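A.B. asks: The structure's right below; bear with me while I get my questions together.
Numbering (our numbering), first residue to last: 2 to 236.
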């Protein structure tokens, strides 16, 4: 009997040690800084599931905001991401990096100095200067993207061409005139008025001349309804 009890104790101890070992390996395998906290307004999903404020977001998550909704993901000292309505992105991060794929919508990114931050879109890749704090807004539209840099320096890489966008400036990548897309409503982005230029001026001049000829050839006598004739008093 003593032998059986001892065997059971040894087996139980070995099992507990194995479970603790696996748990410890999984816990230490999670990179430091690979979790963040999300604050939401409206309908927001993380990995396809509805979420609430103060929920934890892990690296590798996909986040989507609905209409009239927004979300802010705080990554502690690493940085933060503010998502506006109808925005979809995938987020990977650590203590020293933020990597985002922005599929649709608009989001603002802020990162601390020493954090390599990259935002990939369908038209260009945006690379923040890791040597300083950066704050920039990216908007993905139907056929193009907009980048507005508030602080720091962001490089817009479109194909093999790089363009540096410093604080207080903006840039666009893609085709602004692609058919089938909604018009861009940003200031200064609307196309010029079609009637401007010499053809329109000639048309106005011709109309004025025609009107002058017509009224100049009319007689002083004017007929009003019922055949009544009004004679000019100057005759």
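Note that CB positions come from ideal geometry on N, CA and C, so glycine has one too.
Because the structure is a prediction, the values reported are computed rather than measured.
If I measure Cβ to Cβ from residue 119 and keep anything under 6 Å in the same chain, skipping five residues before and after, which residues do I get?
C.D. replies: The residue you call residue 119 lines up with position 118 of the chain shown. Result list for residue 119: 100 and 128, in chain order.
A.B. asks: Please state whether DSSP places residue 136 in a helix, a strand or coil.
C.D. replies: Within the chain shown, the letter at position 135 stands for residue 136. The answer is strand: DSSP assigns residue 136 an E or B state.
A.B. asks: On the CB-based measure, 16 or more other CB atoms within 10 Å of its CB, does residue 78 come out buried or exposed?
C.D. replies: Translated into positions along the chain shown, residue 78 becomes position 77. With fewer than 16 Cβ atoms within 10 Å of its Cβ, residue 78 is classed as exposed.
A.B. asks: Jot down the residue ranges of each uninterrupted beta strand (DSSP E) in the stretch 84-140, minimum 3 residues, whole runs only, in chain order.
C.D. replies: Within the stretch 84-140, the complete beta strand (DSSP E) runs of at least 3 residues are 89-94, 98-112, 117-121 and 126-129.
A.B. asks: Output yes or no for whether 8 Å exceeds the beta carbon distance between residue 117 and residue 90.
C.D. replies: For the purposes of this step, residue 117 is taken as residue 116 along the chain shown, with counting starting at 1. For the purposes of this step, residue 90 is taken as residue 89 along the chain shown, with counting starting at 1. No, the pair does not count as a contact, with Cβ atoms beyond the cut-off.
A.B. asks: Report, in whole angstroms, the separation of the C-beta atoms of residue 174 and residue 124, which I expect to be a contact under 8 Å.
C.D. replies: Taking the chain shown and counting its residues from 1, one reaches residue 174 at position 173. Taking the chain shown and counting its residues from 1, one reaches residue 124 at position 123. That belief holds up - the Cβ atoms of residue 174 and residue 124 are roughly 4 Å apart, short of 8 Å.
A.B. asks: Is the beta carbon of residue 141 less than 8 Å from the beta carbon of residue 155?
C.D. replies: Here residue 141 refers to the residue found at position 140 when the chain shown is read from its first residue. Here residue 155 refers to the residue found at position 154 when the chain shown is read from its first residue. In this structure, residue 155 does not lie closer than 8 Å to residue 141 by Cβ.
A.B. asks: At which residues does the beta strand (DSSP E) containing residue 68 begin and terminate?
C.D. replies: Here residue 68 is taken as the residue at index 67 of the chain shown, counted from 1. Run containing residue 68: none; DSSP gives neither H nor E here.
A.B. asks: Closest by CA to residue 62, which one among 68, 52, 69 and 71?
C.D. replies: Translated into the one-based positions of the chain shown, residue 62 becomes position 61. Of 68, 52, 69 and 71, the residue nearest in Cα terms is 52.
A.B. asks: Taking C-alpha atoms, which residue in 122, 94, 41 and 168 lies nearest to residue 158?
C.D. replies: Counted from its first residue, the chain shown places residue 158 at position 157. Among 122, 94, 41 and 168, the Cα nearest to that of residue 158 is on 122.
A.B. asks: Since residue 43 contacts residue 67 with CB under 8 Å, what's their CB separation in whole angstroms?
C.D. replies: Numbered from its first residue, the chain shown carries residue 43 at position 42. Numbered from its first residue, the chain shown carries residue 67 at position 66. That pair is a contact at about 6 Å.
A.B. asks: If you compare alpha carbons, which of 55, 171, 133 and 88 is closest to residue 97?
C.D. replies: As a first step, residue 97 is located in the chain shown; it is residue number 96 there, counting from the start. Ranking 55, 171, 133 and 88 by Cα distance to residue 97 puts 133 first.
A.B. asks: Which same chain residues, not among the five before or five after residue 74, have their C-beta less than 6 Å away from its C-beta?
C.D. replies: Position 73 of the chain shown, counting from 1, holds the residue named residue 74. Closer than 6 Å at Cβ, skipping near neighbours: 37, 39, 58 and 82.
A.B. asks: What residue range is occupied by the uninterrupted beta strand (DSSP E) comprising residue 42?
C.D. replies: Taking the chain shown and counting its residues from 1, the one referred to as residue 42 is at position 41. That run of the beta strand (DSSP E) goes 36-42.
A.B. asks: Could you pull the DSSP bridge partners for residue 159 from this structure?
C.D. replies: Taking the first residue of the chain shown as position 1, residue 159 is located at position 158. Residue 159 pairs with 162.
A.B. asks: Can you list, in chain order, the residues of its chain whose CB lies under 8 Å from that of residue 176, leaving out five sequence neighbours each side?
C.D. replies: As a first step, residue 176 must be located in the chain shown, where it is residue number 175. Only 144 and 145 meet the Cβ criterion.
A.B. asks: Using a Cβ-Cβ cut-off of 7 Å (strictly less than) and excluding sequence neighbours within five positions of residue 102, which residues of its own chain qualify?
C.D. replies: As a first step, residue 102 is located in the chain shown; it is residue number 101 there, counting from the start. The answer, listed in chain order, is 90, 91 and 121.
A.B. asks: Kindly list the residues whose CB is nearer than 6 Å to the CB of residue 178, restricted to its own chain and excluding five residues on each side of it in sequence; keep chain order.
C.D. replies: Within the chain shown, numbered from 1, the residue matching residue 178 stands at position 177. Nothing listed; no residue qualifies.
A.B. asks: Compare the Cα-Cα distances from residue 64 to each of 114, 84, 171 and 162 and report the closest residue.
C.D. replies: Stepping through the chain shown from its first residue, residue 64 is reached at position 63. Taking only the C-alpha atoms, the option nearest residue 64 is 84.
A.B. asks: Of the choices 111, 148, 72 and 86, whose alpha-carbon is the least far from that of residue 171?
C.D. replies: Here the question's residue 171 lines up with position 170 in the chain shown. Minimum Cα-Cα distance from residue 171 among the listed residues 111, 148, 72 and 86 corresponds to 148.
A.B. asks: Taking its Cβ as the centre, do 16 or more other Cβ atoms sit within 10 Å of residue 153, making it buried, or is it exposed?
C.D. replies: By one-based count along the chain shown, residue 153 stands at place 152. Its Cβ being crowded by 16 or more others within 10 Å, residue 153 is buried.
A.B. asks: So, are the CB atoms of residue 86 and residue 71 less than 8 Å apart?
C.D. replies: As a position in the chain shown, residue 86 is number 85, starting the count at 1. As a position in the chain shown, residue 71 is number 70, starting the count at 1. In contact: residue 86 and residue 71 (Cβ atoms closer than 8 Å).
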